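The structure appears below as structure tokens.
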Amino acid sequence: MATANMEPLPGDVTPQRPTAVRWLMFVLACGSSWFLYLHRYTWNVIAPYLEQDYGLTKTELGAIFGFFTPTYGVGQIPSGILCDWIGPHVFLGVIIILWSLVVPLYGVAGGRSGLIGLRLVFGAAQAGTYPALSKVTGTWFPVKTRTIVQGWVATFFGRSGGAMSSIILGSLLIGYFEMPWQWALAVMGGAGVVFGILFLILFRNSPEVDPRVNQAERDLIAEGSPPPDPSAPPVLPLRVAIKNRSMLFFVIQQITSAGADGVYVIFMGDYFLNAKGFDVGKAGLLISLPLWGGAIGGMLGGFMNDLLISWTGSRRWGRSGVGFAGKFIACGLMFVAISQDDGVAAAWALFAVKFFTDWSQPTVWGTCTDIGGRYAATVFGVINTSGSIGGLISPVMFGAILDWNTTKVLVDGVEKSVTNYNPLFVTVAVMYVISAFCWLLVDCTESLESRLAPGGDLAGDADGEDAGRDASNG
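Using numbering that gives the first Met the number 0, the letters of the sequence shown map in sequence onto residues 0 to 473.
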């Protein structure tokens, strides 16, 4: 007869409780995304100082800002390959420190050539961050929570870092502590260097190589991950992706969406400081409002996406519906912002604009996963590079629009430049409309992986390319 004091039978195993190291990695990933945008959006605050100190026009400011984009766009795919080779640990830690060291150098650039060189280096240093973070979330989190984690890392903490940039740099360091803008930038960069060092100390490439992770947590992370299909081509032929109709409209959507987003990075500082006449302390808070709208919208947009898919029973229209609605509503709200004479009311209207335009960000990541399958990273690279094209065109275009709508007036006997921002905001609204209708033409169920698999309608194209390469190499 068994007793309460009976010893466990041989072979009985008490279930091991998973460790929680993945949440430390989550914090480090969120911090990386936060610092990425914290430093990138410093331009909003320093641009008026650069304009004054170096005698630049708004077109020149836009053009100089745009030099970030070529190296950022071109560097993403090579950075992804390098990250796959050496892992995100050293890769991310080093580039965080590198771009943080660049930030204070804007204060000693000396002129146009120096600023252009810094923008090129800054873009190259930041290029690999999101490909690396995509690898981090894929390695450290199970399938069932991965999209939610990506939404927090990429959208909420990225956008909130951008929102905090003007508050910390403008309202706190320059406004409250009365630091010269050059020293304020040094503080911002120094904080990034400290975080980069902490990242190198605490992060690890995967659960398998981290001794702090027990087997139960490794099993939890691996749960639900499908084994790779050995019959599928190892690399997605780019020609196949480009010829896909949904990819074509997805690319156009991203060009217009990312291009429109440039207005929040480049010109919000000038808008609130000069066009609306706020001091730097108050302007720092108002500049941040649209970015907080984007952070909150991006966080809630992921939940809305899943809810709409559940309601409609259609993944295709769940994703397209969220994308279309967000951009279309943002277009309408942009005209509300235009109608506001009061600067604070305009800031809150732009908060609403950014809320709706950014609630499609998790949808973009989800659509890349749906269309790409095992090639999701390649599809993500194509889409992010497309966004870089928009980011390259819009700064110069936006700066030229502002210069065309700037006039000289006398205020108390002093000549002053007055800029009408309404034509720029109308241009951004038109870009939102184009993006909205492109979403209706993107079918996320057109999986490139399934079409390239043996028996798929694109398998012959891939086989033909392989055969052609074999023949040319023979």
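By construction, the Cβ of each residue, glycine as well, lies at the ideal position given by its N, Cα and C atoms.
These numbers come from a predicted model, not from an experiment.
Determine the extent of the alpha helix (DSSP H) in which residue i is found, giving its start and end residues.
i: residue 441; result: Looking at the DSSP string, residue 441 is not in any alpha helix (DSSP H), and its letter there is neither H nor E.
i: residue 151; result: No alpha helix (DSSP H) contains residue 151, which DSSP labels as neither H nor E.
i: residue 332; result: 314-337
i: residue 246; result: 244-265
i: residue 358; result: Looking at the DSSP string, residue 358 is not in any alpha helix (DSSP H), and its letter there is neither H nor E.
i: residue 181; result: 180-201
Can you tell me which of the three DSSP states residue i falls into?
i: residue 41; result: coil
i: residue 416; result: strand
i: residue 212; result: coil
i: residue 407; result: strand
i: residue 282; result: helix
i: residue 125; result: helix
i: residue 134; result: helix
i: residue 204; result: coil
i: residue 368; result: helix
i: residue 144; result: helix
i: residue 301; result: helix
i: residue 399; result: helix
i: residue 156; result: helix
i: residue 462; result: Because the pLDDT of residue 462 is 47, which lies under 50, any placement of that residue in the model is unreliable, and the number read from its coordinates should be weighed accordingly. The answer is helix: DSSP assigns residue 462 an H, G or I state.
i: residue 103; result: helix
i: residue 17; result: coil
i: residue 25; result: helix
i: residue 380; result: helix
i: residue 108; result: coil
i: residue 341; result: coil
i: residue 275; result: coil
i: residue 475; result: A question about residue 475 goes unanswered here, because the residues of the chain that appear run from 0 up to 473.
i: residue 473; result: Residue placement at residue 473 is flagged as unreliable, the pLDDT there being 38, under the threshold of 50; the coordinate-derived value follows with that caveat. Correct three-state label for residue 473: coil.
Would residue i and residue j be called neighbours here (beta carbons separated by less than 8 Å)?
i: residue 393; j: residue 405; result: no
i: residue 202; j: residue 38; result: no
i: residue 94; j: residue 122; result: no
i: residue 366; j: residue 441; result: yes
i: residue 438; j: residue 309; result: no
i: residue 424; j: residue 336; result: yes
i: residue 353; j: residue 268; result: no
i: residue 135; j: residue 28; result: yes
i: residue 298; j: residue 154; result: yes
i: residue 166; j: residue 296; result: no
i: residue 66; j: residue 132; result: no
i: residue 262; j: residue 350; result: no
i: residue 294; j: residue 185; result: no
i: residue 196; j: residue 105; result: no
i: residue 56; j: residue 402; result: yes
i: residue 312; j: residue 359; result: no
i: residue 245; j: residue 138; result: no
i: residue 254; j: residue 388; result: yes
i: residue 158; j: residue 272; result: no
i: residue 150; j: residue 35; result: no
i: residue 362; j: residue 427; result: no
i: residue 326; j: residue 435; result: yes
i: residue 257; j: residue 386; result: yes
i: residue 381; j: residue 250; result: yes
i: residue 73; j: residue 169; result: no
i: residue 152; j: residue 78; result: no
i: residue 304; j: residue 445; result: no
i: residue 140; j: residue 200; result: no
i: residue 98; j: residue 125; result: yes
i: residue 188; j: residue 102; result: yes
i: residue 61; j: residue 395; result: yes
i: residue 391; j: residue 355; result: no
i: residue 342; j: residue 288; result: no
- Message: Quick check on the DSSP output: what are the complete alpha helix (DSSP H) runs of length 4 or more inside the region 31-93, in order along the chain?
- Response: Listed in chain order, the alpha helix (DSSP H) elements of length 4 or more contained wholly in the region 31-93 are 42-53, 57-65, 67-85.
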